[in-house]
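Student:
Numbering (this note's numbering), first residue to last: 819 to 964.
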């Protein structure tokens, strides 16, 4: 059985005029909630879906970093990721590009990898990244689902 596709963008309030679990598509829907639950079960955790990669990238940066932090960004990765982080420079974020086939640089608060990178298809050294003290994000957009 699969969750029926709910294409609504708004849902009515309850009888007291209060929000129900879903009230506006931008904040969630039955279909998205079911997909997030199913994906979370696959990894034994919690999943969040975003309508765009830039939205996901921004949400991760804002939740894991503070003003003045530095991020290690895989050199030669998706151009839009670097543009998103550059837009946060006024917030005090600095970006250090590095060759993801080797260890991430010291002194950064977040390591951002692509597996494989887009467009060059390089694979990161995941063991070296895991040994780094900073949290590691792996964007696997280009990877196959197999």
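Virtual Cβ for every residue (Gly too), placed ideally from N, Cα, C.
All of these numbers come straight from a predicted model, not from anything done at the bench.
1. Return helix, strand or coil for residue 820, following the three-state DSSP convention.
2. Does the Cβ of residue 957 have 16 or more other Cβ atoms within 10 Å, making it buried, or fewer, making it exposed?
3. Within a Cβ cutoff of 7 angstroms, which residues of the same chain sit near residue 936, ignoring the five residues on either side of it in sequence?
4. Once DSSP output is grouped into helix, strand and coil, what is the label at residue 850?
5. In three-state DSSP terms, what is residue 892?
6. Who are residue 930's beta bridge partners in DSSP?
7. The beta strand (DSSP E) spanning residue 840 covers which residue range?
8. For my contact list, residue 879 and residue 903 are in at a C-beta cut-off of 8 angstroms; report their separation, rounded to the angstrom.
9. Check whether the Cβ atoms of residue 952 and residue 928 sit closer than 8 angstroms, and answer yes or no.
10. Could you tell me the alpha carbon to alpha carbon distance between residue 839 and residue 920, rounded to whole angstroms?
11. Counting only C-beta atoms, is residue 897 closer than 8 angstroms to chain B at any point?
12. Please classify residue 864 as buried or exposed, where buried requires at least 16 other C-beta atoms within 10 Å of its C-beta.
Tutor: The structure says:
1. Position 2 of the chain shown, counting from 1, holds the residue named residue 820. Under the three-state reduction of DSSP, residue 820 is assigned to coil, being neither helix nor strand.
2. The residue you call residue 957 lines up with position 139 of the chain shown. Its Cβ being crowded by 16 or more others within 10 Å, residue 957 is buried.
3. Position 118 of the chain shown, counting from 1, holds the residue named residue 936. Counting only Cβ-Cβ distances below 7 angstroms, and skipping sequence neighbours, we find 895, 896, 959 and 960.
4. As a position in the chain shown, residue 850 is number 32, starting the count at 1. Of the three classes helix, strand and coil, the one that applies to residue 850 here is helix, per DSSP.
5. Numbered from 1 along the chain shown, position 74 holds the residue referred to as residue 892. Here residue 892 carries a strand assignment [DSSP, helix/strand/coil].
6. Against the chain shown, residue 930 aligns to sequence position 112. The partner list for residue 930 (beta bridge, DSSP) reads 891 and 955.
7. Position 22 of the chain shown, counted from the start, is the residue given in the question as residue 840. For residue 840, there is no enclosing beta strand (DSSP E), as DSSP marks it with neither H nor E.
8. For the purposes of this step, residue 879 is taken as the residue at position 61 of the chain shown. For the purposes of this step, residue 903 is taken as the residue at position 85 of the chain shown. The Cβ separation is near 7 angstroms, so the contact holds.
9. The sequence position of residue 952 within the chain shown is 134, counting from 1. The sequence position of residue 928 within the chain shown is 110, counting from 1. The answer is yes: Cβ separation under 8 angstroms.
10. Looking up residue 839 in the chain shown gives position 21. Looking up residue 920 in the chain shown gives position 102. Their Cα atoms are separated by approximately 45 angstroms.
11. Within the model displayed, chain B is absent; a lone protein chain is all it includes.
12. Position 46 of the chain shown holds residue 864. Flag for residue 864 reads exposed.
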